[in-house]
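Shown next, in structure tokens, is the structure this report addresses.
In my numbering, the protein residues as written are 2 to 227.
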């Protein structure tokens, strides 16, 4: 998402895997820590989870953006594929790495906190409000990325981190905005979890939001025809 990637494909995939791993460790691990320390105060737990997620996003995008573009998110990869800035093969490999290595991040968080490594969430997240929240969250994230990359590329790390920090609070779904992390969260019966049965509709909403945002960004930045 930051500086234009110049590394070969293997290095780009390694960067995507590394970034997805640490992002997912942070989201799930900080949720576990926050829930343990918040004394039942859900607002405090969410705030702690939010701050940790925004902070790690800034670091990871700054560090790995010049190598892979720092997608860490199939919805973002989809947007760049739709814009023909990444090939179908590259996009498929990016998504595979994001999902698989990201899931390992969930397992690592469980291991750190002495929890069962393989588990499934029981936290229900369903309904039109939740799906609308995910669609809007992903729409806003993708639009933020595409327009900031176009007009102020050096601000991408801060813009994405701040957007997600805000979206944790203004969306009903707490802004997953990422199909890969949605899958990983379904493998964690913790504060950040989502029941596996609720994953498909979340991902559908995320994909729809990404597609609409990509189309709008293309229109907003197109050259005048007059």
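Built from N, CA and C at the ideal position, the CB exists for glycine as well. Note that this is a predicted model, so its numbers are computed, not measured.
Cβ shell of residue i (< 7 angstroms), same chain only, five flanking positions each side left out
i           : result
residue 213 : 140
residue 123 : 190 and 196
residue 145 : 160, 161 and 164
residue 204 : 180 and 183
Residue i versus the options, residue with shortest Cα-Cα distance
i           : options               : result
residue 79  : 196, 179, 191 and 189 : 179
residue 208 : 118, 170, 72 and 77   : 77
residue 193 : 107, 165, 132 and 219 : 107
residue 46  : 191, 123 and 224      : 191
residue 119 : 188, 113 and 221      : 188
residue 13  : 87, 55, 152 and 173   : 87
residue 138 : 163, 102 and 36       : 163
residue 20  : 102, 35 and 112       : 102
residue 53  : 63, 116, 142 and 34   : 34
residue 68  : 17, 98, 116 and 82    : 17
residue 26  : 219, 186 and 136      : 186
residue 92  : 127, 116, 73 and 104  : 73
residue 126 : 94, 177 and 95        : 177
residue 99  : 156, 75, 11 and 151   : 75
residue 219 : 15, 9, 44 and 85      : 85
residue 10  : 94, 81, 44 and 83     : 94
Buried versus exposed call for residue i [16 or more other C-beta atoms within 10 Å across all chains shown]
i           : result
residue 30  : buried
residue 149 : buried
residue 221 : exposed
residue 158 : buried
residue 59  : buried
residue 121 : exposed
residue 23  : buried
residue 216 : exposed
residue 96  : buried
residue 225 : exposed
residue 41  : exposed
residue 147 : buried
residue 210 : buried
residue 112 : exposed
residue 136 : buried
residue 223 : exposed
residue 198 : exposed
Cβ shell of residue i (< 6 angstroms), same chain only, five flanking positions each side left out
i           : result
residue 175 : 169
residue 166 : 51 and 55
residue 202 : 132
residue 200 : 183 and 187
residue 109 : 26
residue 114 : 33
Other residues of its chain near residue i: CB distance less than 8 angstroms, five sequence neighbours each side excluded
i           : result
residue 173 : 130, 131, 133 and 134
residue 49  : 31, 34, 35, 38 and 39
Note to self: Which complete alpha helix (DSSP H) runs does the segment 28 to 84 hold, if anything under 4 residues is left out?
What the structure shows: 43 to 69 and 75 to 83
Next item on the list: Could you pull out every unbroken alpha helix (DSSP H) segment of at least 4 residues lying fully inside the segment 149 to 194, listed in chain order?
Entry: 157 to 171 and 180 to 187
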